[in-house]
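K.L.:
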Amino acid sequence: MNVNPVLNPSQPMTESEIKIGYDYPEHLKDEIVSAIYQEAQGIAQKVVSINKKKAKDWDAILDGILTSRITGYPIMFLLLGAVFWITISGANVPSSLLAAFFFKIEDYLTYLFTSLSAPEWLHGILVLGVYRTLAWVVSVMLPPMAIFFPCFTLLEDFGYLPRVAFNLDRLFKKAGAHGKQSLTMSMGFGCNAAGVIACRIIESPRERLIAMLTNSFVPCNGRFPTLLLIASIFMGGAVASQYRTLTASFVVSSLVLVGILITLIVSWGLSKTLLKGIPSSFTLELPPYRKPQIGKIIYRSIIDRTIFVLGRAVVIAAPAGLIIWLMANIHIGSQSLLAHGATLLQPLGHLIGLDGYILMAFILGLPANEIVLPILMMSYMAEGAMLELDSLQEIANLFIANGWTGLTALNVMLFSLLHFPCGTTLWTLRKESGSFRWAVFGALMPTCIAILVCFLTTQIYRLFI
Numbered sequence: 070m071n072v073n074p075v076l077n078p079s080q081p082m083t084e085s086e087i088k089i090g091y092d093y094p095e096h097l098k099d100e101i102v103s104a105i106y107q108e109a110q111g112i113a114q115k116v117v118s119i120n121k122k123k124a125k126d127w128d129a130i131l132d133g134i135l136t137s138r139i140t141g142y143p144i145m146f147l148l149l150g151a152v153f154w155i156t157i158s159g160a161n162v163p164s165s166l167l168a169a170f171f172f173k174i175e176d177y178l179t180y181l182f183t184s185l186s187a188p189e190w191l192h193g194i195l196v197l198g199v200y201r202t203l204a205w206v207v208s209v210m211l212p213p214m215a216i217f218f219p220c221f222t223l224l225e226d227f228g229y230l231p232r233v234a235f236n237l238d239r240l241f242k243k244a245g246a247h248g249k250q251s252l253t254m255s256m257g258f259g260c261n262a263a264g265v266i267a268c269r270i271i272e273s274p275r276e277r278l279i280a281m282l283t284n285s286f287v288p289c290n291g292r293f294p295t296l297l298l299i300a301s302i303f304m305g306g307a308v309a310s311q312y313r314t315l316t317a318s319f320v321v322s323s324l325v326l327v328g329i330l331i332t333l334i335v336s337w338g339l340s341k342t343l344l345k346g347i348p349s350s351f352t353l354e355l356p357p358y359r360k361p362q363i364g365k366i367i368y369r370s371i372i373d374r375t376i377f378v379l380g381r382a383v384v385i386a387a388p389a390g391l392i393i394w395l396m397a398n399i400h401i402g403s404q405s406l407l408a409h410g411a412t413l414l415q416p417l418g419h420l421i422g423l424d425g426y427i428l429m430a431f432i433l434g435l436p437a438n439e440i441v442l443p444i445l446m447m448s449y450m451a452e453g454a455m456l457e458l459d460s461l462q463e464i465a466n467l468f469i470a471n472g473w474t475g476l477t478a479l480n481v482m483l484f485s486l487l488h489f490p491c492g493t494t495l496w497t498l499r500k501e502s503g504s505f506r507w508a509v510f511g512a513l514m515p516t517c518i519a520i521l522v523c524f525l526t527t528q529i530y531r532l533f534i
């Protein structure tokens, strides 16, 4: 491609003259902008003198490494992987402490209800239903968000995230989406609702909607516990003990890559069908690297993001706890409503390598992905309230006793990765898109993809095994 970077305003070119030498006329705007920057750089080099004895231009040196086609992608994945590792590792202890704290309060609430001679059903609804659900959501969601968002905001304040967008711009443009979607997708790793809100940075309404609808294909902190636990039990348990953590980490990392791939594929599909249009040009002027401002980072990550998202989750989780308790404790004949629902879903579950109770757990876990496994364990043990077993071995024994195999574990992880987003995200999608129908589509589209992927995985497995 031959491009003359020198533009002579005294001799305006016709459209046909502009297209001469361009193999891809649709790239004209990018080439013009590139030519303008080249010309500006040439002028600057002629009129600006640089003292070479001064310190090196570290911005240029870092950009040469962080945006290189050779080193840019590995560094990007290593940094994001480090953030995930810090988040997952650092959240375990505070999550356990918060859970212990909240369940200690539950003991006091139970004592209060007992001393007041309150009806058992009232205690069940308010304490075992509403309060216990809220306790699970807060204890599981708060620590990862409180770690992930500051780490993410630190990279943002340092000036690295625009380099991520620069690296991924070409992939998203080929998918018919906007380069900034890489930033909103990354935010979804902390919380899909926050990722949907972050889509405001995309100017084009069409591309903003594509980014919002596909944000749920990256696992949020609510789905990471499910993915890590199942990978540790089944994939990690299949190898020698010294390799279990490494194997489980590799499996979860591979699932993250699958989610990114699905994001690109679905973005391409939407841009060619329902949200057809020409991709917007994304001319990104990389900002200089900055020294992070710790106070600003803490405020933005904790107040603007963590507390905001957690508040929405609590609003949705409270009534969900009531519904879960009622379904587990209202019986028709000899079975609870939850068991009847599982029986109804059993044929579909078998078709995609799952079972009816697993599908019911995902449906009832709509308010927050954190409560899917407690609901499933409650269902298998025929208990009337959400619970969690004390060790991985106990959980493994429970799952295996209910017919789980390696295929079941793989499909649960795939379904968890790809199914409908949580209620908080759907509510946020409704608010941000301004349309109830897009929120419904945002729930149905990923669920259909999850069912299709699990169906194909199951049929391939049954064909060869």
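Remember, my numbering sits 69 above the position in the sequence shown when you count from 1.
Note that the Cβ used here is the ideal one computed from N, Cα and C, for glycine as well.
Small disclaimer: the values here were computed from a predicted structure and weren't measured.
Can you look up Ser405 in the DSSP assignment and give me helix, strand or coil?
P.N.:
The residue you call residue 405 lines up with position 336 of the sequence shown. It is a strand residue.
K.L.:
When the distance is taken between beta carbons, is Val287 closer than 7 Å to Met145?
P.N.:
Indexing the sequence shown from 1 puts residue 145 at position 76. Indexing the sequence shown from 1 puts residue 287 at position 218. Not a contact, by the Cβ cut-off of 7 Å.
K.L.:
Which same chain residues, not among the five before or five after Val152, have their C-beta less than 7 Å away from its C-beta?
P.N.:
Here residue 152 refers to the residue found at position 83 when the sequence shown is read from its first residue. Cβ neighbours of Val152 beyond the five flanking positions: Phe217, Cys220 and Phe221.
K.L.:
Quick one: what does DSSP say His400 is sitting in, helix, strand or coil?
P.N.:
Looking up residue 400 in the sequence shown gives position 331. His400 falls in the strand class under three-state DSSP.
K.L.:
Pick from Ser158, Thr202 and Ser405: whose alpha carbon is nearest that of Asn290?
P.N.:
On the sequence shown, position 221 is the one that residue 290 refers to. The candidate whose alpha carbon is nearest that of Asn290 is Ser158.
K.L.:
Let's test the definition: count the other Cβ atoms within 10 Å of the Cβ of Gly511 and tell me whether it reaches 16, buried, or not, exposed.
P.N.:
Within the sequence shown, numbered from 1, the residue matching residue 511 stands at position 442. Buried.
K.L.:
Entirely within the segment 165 to 229 and at least 3 residues each: give me those beta strand (DSSP E) ranges in chain order.
P.N.:
Complete beta strand (DSSP E) runs here, min 3: none at all.
K.L.:
Which of the three DSSP states is assigned to Ile324 in this structure?
P.N.:
Stepping through the sequence shown from its first residue, residue 324 is reached at position 255. The sequence given here has Leu at residue 324, not Ile. The answer is helix: DSSP assigns Leu324 an H, G or I state.
K.L.:
Could you pull out every residue in the same chain whose Cβ sits closer than 7 Å to the Cβ of Leu223, ignoring the five residues on either side in sequence?
P.N.:
Locating residue 223 in the sequence shown gives position 154, where the first residue counts as 1. Same-chain partners within the cutoff: Pro361 and Ile366.
K.L.:
Only counting the same chain, and skipping five residues up and downstream in sequence, which positions put a Cβ closer than 8 Å to that of Thr295?
P.N.:
Position 226 of the sequence shown, counting from 1, holds the residue named residue 295. Contacts found: Asn438, Val441, Leu442, Val481, Met482 and Ser485.
K.L.:
By a C-beta neighbour count over all protein chains shown, 10 Å radius and 16 as the cutoff for buried, is Ile130 buried or exposed?
P.N.:
Mapped onto the sequence shown, residue 130 falls at position 61. Per the 10 Å Cβ criterion, exposed.
K.L.:
Can you give the beta carbon distance from Leu237 to Gly248, rounded, assuming they're within the 8 Å contact cut?
P.N.:
As a working mapping, residue 237 is identified with position 168 in the sequence shown. As a working mapping, residue 248 is identified with position 179 in the sequence shown. Correct: roughly 7 Å between the Cβ atoms.
K.L.:
First and last residue of the alpha helix (DSSP H) that includes Ser255?
P.N.:
As a position in the sequence shown, residue 255 is number 186, starting the count at 1. Residues Gln250 to Gly257.
K.L.:
In whole angstroms, give me the CA-to-CA distance for Leu282 and Ile266.
P.N.:
Translated into the one-based positions of the sequence shown, residue 282 becomes position 213. Translated into the one-based positions of the sequence shown, residue 266 becomes position 197. Cα to Cα, the separation comes out at about 12 Å.
K.L.:
Please report the straight-line C-alpha distance between Arg531 and Ala478, rounded to a whole angstrom.
P.N.:
What you label residue 531 is simply residue 462 of the sequence shown in a count that begins at 1. What you label residue 478 is simply residue 409 of the sequence shown in a count that begins at 1. So the two alpha carbons sit approximately 15 Å from each other.
K.L.:
Start and end of the alpha helix (DSSP H) containing Phe484?
P.N.:
One-based indexing of the sequence shown puts residue 484 at position 415. Start and end: Gly475 to Leu487.
K.L.:
Could you tell me which of Pro388, Asn398, Leu461 and Ala451 sits nearest to Gly492, measuring between CA atoms?
P.N.:
If you number the sequence shown from 1, residue 492 lands on position 423. Nearest option by C-alpha distance: Pro388.
K.L.:
Would you call Cys517 buried or exposed, if buried means 16 or more other Cβ atoms sit within 10 Å of its Cβ?
P.N.:
Mapped onto the sequence shown, residue 517 falls at position 448. Its Cβ having fewer than 16 others within 10 Å, Cys517 is exposed.
K.L.:
Exposed or buried, what is Gly228 when buried is set at 16 or more other beta-carbons lying within 10 Å of its beta-carbon?
P.N.:
The residue given as residue 228 occupies position 159 in the sequence shown. So Gly228 ends up on the buried side.
K.L.:
Would you kindly work out how many angstroms separate the C-alpha atoms of Ile464 and Ser301, rounded to a whole number?
P.N.:
Here residue 464 is taken as the residue at index 395 of the sequence shown, counted from 1. Here residue 301 is taken as the residue at index 232 of the sequence shown, counted from 1. The alpha-carbon atoms of Ile464 and Ser301 are separated by roughly 11 Å.
K.L.:
Assuming Ile399 and Pro436 form a contact by the criterion Cβ under 8 Å, report the distance between their Cβ atoms to the nearest whole angstrom.
P.N.:
Against the sequence shown, residue 399 aligns to sequence position 330. Against the sequence shown, residue 436 aligns to sequence position 367. So it is not a contact: roughly 19 Å between Cβ atoms.
K.L.:
Where do the N-terminal and C-terminal ends of the alpha helix (DSSP H) with Phe533 fall, by residue?
P.N.:
Position 464 of the sequence shown, counted from the first residue, corresponds to residue 533. Segment Phe505 to Phe533, the alpha helix (DSSP H) holding Phe533.
K.L.:
If I follow the unbroken alpha helix (DSSP H) through Pro443, where does it start and stop?
P.N.:
Counting from 1 along the sequence shown, the entry for residue 443 is found at position 374. Per DSSP, Pro443 belongs to the alpha helix (DSSP H) from Val441 to Tyr449.
K.L.:
Determine the direct distance from the alpha carbon of Ala280 to that of Leu420, and round the result to whole angstroms.
P.N.:
Counting from 1 along the sequence shown, the entry for residue 420 is found at position 351. Counting from 1 along the sequence shown, the entry for residue 280 is found at position 211. Cα-Cα distance, rounded: 31 Å.
K.L.:
Give the secondary structure of His247 by DSSP, where H, G and I count as helix, E and B as strand, and everything else as coil.
P.N.:
Residue mapping note: residue 247 aligns to position 178 of the sequence shown, counting from 1. His247: coil per DSSP, three-state reduction.
K.L.:
Are the segment 185 to 194 and the segment 329 to 342 in contact at 8 Å, needing three or more beta carbon pairs?
P.N.:
At 8 Å Cβ cutoff, the stretches do not touch.
K.L.:
Assign Ile529 to buried or exposed, taking buried as 16 or more other Cβ atoms, counted over all protein chains shown, within 10 Å of its Cβ.
P.N.:
Locating residue 529 in the sequence shown gives position 460, counting from the first residue. Ile529 comes out exposed.
K.L.:
First and last residue of the alpha helix (DSSP H) that includes Pro545?
P.N.:
The structure shown does not extend to residue 545, since the chain spans only 70 to 534, so no value can be given for it.
K.L.:
Three or more beta-carbon pairs under 8 Å between the segment 135 to 145 and the segment 197 to 212, yes or no?
P.N.:
Taking 8 Å as the limit for Cβ pairs, the verdict is that the segment 197 to 212 does not touch the segment 135 to 145.
K.L.:
Whether or not the segment 251 to 266 and the segment 493 to 500 are in contact is what I'm after, with contact meaning three or more pairs of Cβ atoms, one per stretch, closer than 8 Å; do they touch?
P.N.:
The segment 493 to 500, when compared against the segment 251 to 266, does touch it at the 8 Å Cβ threshold.
K.L.:
To the nearest angstrom, how far is it from the Cα of Val383 to the Cα of Ala104?
P.N.:
Translated into the one-based positions of the sequence shown, residue 383 becomes position 314. Translated into the one-based positions of the sequence shown, residue 104 becomes position 35. If I take the Cα positions, the gap works out to 51 Å.
K.L.:
Going by DSSP in three states, Gln362 sits in which element: helix, strand or coil?
P.N.:
Along the sequence shown, read from residue 1 onward, the residue named residue 362 stands at position 293. Note: Gln362 maps to coil in three-state DSSP.
K.L.:
Where does Val152 sit, in a helix, a strand or coil, going by DSSP?
P.N.:
Stepping through the sequence shown from its first residue, residue 152 is reached at position 83. Here Val152 sits in helix by DSSP.
K.L.:
Under 8 Å Cβ to Cβ from Asn471, same chain only, skipping five residues before and after it: list those, please.
P.N.:
Counting from 1 along the sequence shown, the entry for residue 471 is found at position 402. Once the five neighbours on either side are set aside, the close Cβ partners of Asn471 are Asp424, Tyr426 and Tyr449.
K.L.:
For Ala124, which residues in the same chain have their Cβ closer than 7 Å to its Cβ, ignoring the five residues on either side in sequence?
P.N.:
Position 55 of the sequence shown, counted from the first residue, corresponds to residue 124. Model confidence at Ala124 stands at a pLDDT of 49, short of 50, so the residue's coordinates are unreliable; what they give is reported in the following sentence. Hits under 7 Å: none found.
K.L.:
Helix, strand or coil for Gly390, going by three-state DSSP, please let me know.
P.N.:
In the sequence shown, counting from the first residue as 1, residue 390 sits at position 321. In the structure shown, Gly390 sits in a helix (DSSP, three-state: H, G or I).
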